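Engineer: Okay, handing you the structure first.
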Amino acid sequence: MVKASAPGKCILFGEHAVVYGQPALACSIDQRMTIEIESEKTFNAWRVDGRTMDAKKHLHIEYIRTRLPPHDGQPMHIRIRGTIPKASGLGSSAALSVALCGALQQIRDEAIDPVQASVLSHLAEAEAQGGRASPMDTATSSLGGFVVLSDAIEEGLDYIETRTMDVNGETRQWHLHTFSAQIPEGVALVVGNTGVRGSTSAMVDQVARLIETNPKRKVELETIGAIARRGIQSLQEGDMEAVGRALTENHIVLRSLGVSSPELERLIRAAAPSSLGVKMTGAGGGGCMIALTRNPEQTVGAIEMEGGRAFISEFKAEGLKVEDAN
Ligand code: PMV
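The structure is reproduced here in C-alpha cells:
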C-alpha cells in the first residue's frame, strides 16, 4: 500500500481580476487530501472507496490513472480521505488529483515529482471542467507555499514556468511564480466557510456582464492588481499590518464588484475585530472567507458564533508529499 497527500489552497489576492490578466496570489493551507492505493486482487477492476470505479463520475481520477498506469497493468483500489470541504473554493479536486499523481508515482517506483503532478492535474482539471481551468489550484497544491499567477512575468518574484493550454481553439498562457515570504511567529490564517456553495462560472459571468455594460469599471480590476502587488511586497517584507490592510482593501473592491454575499459579509464582520485583515476568498457568492490574525482561536470563535465553520491554517503548508503507509 502507498499513500500521498496534497494541500488545499486559498486565494489571498486577485480573484476575478486574474481572469483579466492581473496577478493573483494563492497559498497552500493545512487542510489536505490523502490518497491511499493498493492492488485490487478480489475484483478485477479499479475501485474507489470500496465501489467499482465509475469513470464518468471520477473524471479526474480516470484522466490521471490512464496517464500513470501501474507497470503490471494491475487494477488498483483508491481510498480518498481528506479535510478540505468540497465545492468551497479551497481546491479539493486539485488536491485530490495531485495526491493521486503522488500515489501512482510511488506504485510505479518513481520518485515523487511535484512538477509532473502539477502539469497532469491541471490537464485533468481542464478535462473535467470542459477546458476552462487555470493552473493556480494544481500548482499551489503540488508545490506548496505561495504561487503567483499572471499574464505577465512579474518583476521581483521567482519565476517558475509558463504554462500554455489550448482552450476551444484559443491559446491561453499563464506565468507562474513564487517568492519567499517573511511570516512572523504567531500569525495565522483563519478560513471561514459559509456552507453556501457559490458557483465559480456564475460569478465570473456576472463580473463579465458588469464590465461589458460599464467598461469604466475595469478600473476596479486594475485596482485589485495594484493591491495584489502591494500585498505580495508586504509579505516579502514581513509587514503583516500592511498585508492585512491590503486584504481588507481587496475585499472592498470585490464587494463593490458584487461578488460577495450576505453570508460572507456576516462572517467578515465577525472576524474583523480580532484580525489584521479580512476578505472573501475565491469566486464568492458563498464559499469561504479568510482572516489574517494574531488571535486565531478568538477569530475562529467569532466566525462560529455567526454560524460559519472555521479552521486555522499556518502558512507554508507543504505541497505534494509521501505519507507513511502504516
Ligand atoms: O472559486 P475558486 O477558488 O476556484 O476561485 C475562482 C477564481 C476566479 O478568479 C474567480 C476565477 C478564475 O478562473 O480565476
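Numbered per the numbering used here, the sequence shown spans residues -16 to 309.
Here a beta-carbon is modelled for each residue, glycine too, at the ideal position from N, C-alpha and C.
As the structure is a prediction and not an experimental result, all values here were calculated from the model.
1. Taking the DSSP output, what are the residues bridged to residue 295?
2. Would you report the Cα separation of residue 185 and residue 161, rounded to the nearest angstrom?
3. Is it buried or exposed for residue 142, if we count other Cβ within 10 angstroms and need 16 for buried?
4. Look up residue 91 in the DSSP assignment and say whether it is helix, strand or coil.
5. May I ask you to verify whether the stretch 87 to 107 touches the stretch 44 to 52, counting CB pairs closer than 8 Å and requiring at least 3?
6. Using CA coordinates, which residue listed in -4, 200, 75, 227 is at the minimum distance from residue 239?
7. Do the stretch -13 to -2 and the stretch 254 to 270 make contact, defined as three or more Cβ pairs closer than 8 Å?
8. Distance check for residue 270 and residue 179, CA to CA, integer angstroms please.
9. Is the stretch 10 to 20 close to the stretch 77 to 89, with three or more CB pairs under 8 Å?
10. Out of curiosity, what's the CA-to-CA distance linking residue 112 and residue 229?
11. Buried or exposed: residue 26, going by 16 or more other Cβ atoms within 10 Å of its Cβ?
12. I want to check one thing, is the minimum distance from the CB of residue 73 to the heavy atoms of the ligand PMV below 8 Å?
13. Helix or strand or just coil, what does DSSP make of residue 28?
14. Looking at residue 188 and the ligand PMV, is the gap between the Cβ and the nearest heavy atom below 8 Å?
15. For residue 282, which of 122, 302, 250 has the nearest alpha-carbon?
16. Cβ of residue 43 within 8 Å of any heavy atom in the ligand PMV?
17. Using only the alpha-carbon positions, how far apart do residue 70 and residue 76 sit?
18. Per the contact definition of three or more C-beta pairs closer than 8 Å, is the stretch 181 to 196 in contact with the stretch 133 to 151?
19. Name the DSSP beta bridge partners of residue 262, please?
20. On the premise that residue 260 lies in contact with residue 177, defined as a C-beta separation below 8 Å, what is that separation, rounded to the nearest angstrom?
21. Note the first and the last residue of the continuous alpha helix (DSSP H) segment covering residue 141.
22. Does any heavy atom of the ligand PMV sit closer than 8 Å to the C-beta of residue 80?
23. Should residue -1 be listed as close to the ligand PMV, given that the test is whether its C-beta is under 8 Å from any heavy atom?
24. Taking C-alpha atoms, which residue in -9, 302, 276 lies nearest to residue 253?
25. Check the DSSP bridge columns for residue 15 and list the partner residues they point to.
26. Within 10 angstroms of the Cβ of residue 232, are there 16 or more other Cβ atoms? Answer buried if so, exposed if not.
27. I want to check one thing, is the minimum distance from the CB of residue 120 to the heavy atoms of the ligand PMV below 8 Å?
28. Do residue 61 and residue 98 have their beta-carbon atoms positioned less than 9 Å apart in this structure?
29. Could you check how far apart the C-beta atoms of residue 258 and residue 227 are, in whole angstroms? I think they sit under 8 Å.
30. Taking all protein chains shown into account, decide if residue 195 is buried (16 or more other Cβ within 10 angstroms of its Cβ) or exposed.
31. Below 9 Å between beta carbons: does that hold for residue 215 and residue -7?
32. Considering only C-alpha positions, which residue in the set 101, 167, 202, 93 is nearest to residue 130?
33. Any heavy atom of the ligand PMV closer than 8 Å to the Cβ of residue 155?
34. Does the beta-carbon of residue 115, which I'm using as the reference point, lie nearer than 8 Å to any heavy atom of the ligand PMV?
Structural biologist: Considering the structure as presented:
1. Answer by DSSP bridge pairing, in chain order: 173.
2. So the alpha carbons of these two residues sit roughly 29 Å apart.
3. Residue 142 should be labelled exposed.
4. Looking at residue 91 - three-state DSSP - the assignment turns out to be coil, as it is neither helix nor strand.
5. Yes, the stretch 87 to 107 is in contact with the stretch 44 to 52.
6. The shortest C-alpha to C-alpha distance from residue 239 to any of -4, 200, 75, 227 is the one to 200.
7. They touch, by the three-pair rule.
8. Each residue's Cα considered, the two are about 6 Å apart.
9. Yes: at least three Cβ pairs fall under 8 Å.
10. Distance between the alpha carbons of residue 112 and residue 229 is about 31 Å.
11. Label assigned to residue 26: exposed.
12. Remark: the shortest separation between the CB of residue 73 and any heavy atom of the ligand PMV falls under 8 Å.
13. In the three-state reduction of the DSSP assignment, residue 28 falls in the coil class.
14. No, Cβ of residue 188 sits at least 8 Å from all heavy atoms of the ligand PMV.
15. The option with the nearest alpha carbon to residue 282 is 250.
16. No, the beta carbon of residue 43 sits no closer than 8 Å to any heavy atom of the ligand PMV.
17. Going by the C-alpha atoms only, they are around 8 Å apart.
18. With the cut-off at 8 Å, the stretch 133 to 151 and the stretch 181 to 196 do not touch.
19. Answer by DSSP bridge pairing, in chain order: 273.
20. Not really, about 18 Å apart at Cβ, beyond 8 Å.
21. Residue 141 -> not in any alpha helix (DSSP H); beta strand (DSSP E) instead, spanning 141 to 150.
22. No.
23. Distances taken from the Cβ of residue -1 to the heavy atoms of the ligand PMV include one shorter than 8 Å.
24. Minimum Cα distance to residue 253 is reached at 276.
25. DSSP, once it has assigned bridges, lists -10 as partnering residue 15.
26. Around the CB of residue 232, 16 or more other CB atoms lie within 10 Å, so the residue is classed as buried.
27. Residue 120: yes, Cβ under 8 Å from the ligand PMV.
28. Result no, Cβ atoms of residue 98 and residue 61 do not sit closer than 9 Å.
29. The Cβ separation is near 7 Å, so the contact holds.
30. Result: exposed.
31. Contact annotation: residue 215 and residue -7 have beta-carbon atoms that are not nearer than 9 Å.
32. It is 101.
33. Incorrect: residue 155 has no Cβ contact closer than 8 Å to the ligand PMV.
34. Within 8 Å of the C-beta of residue 115 there is at least one heavy atom belonging to the ligand PMV.
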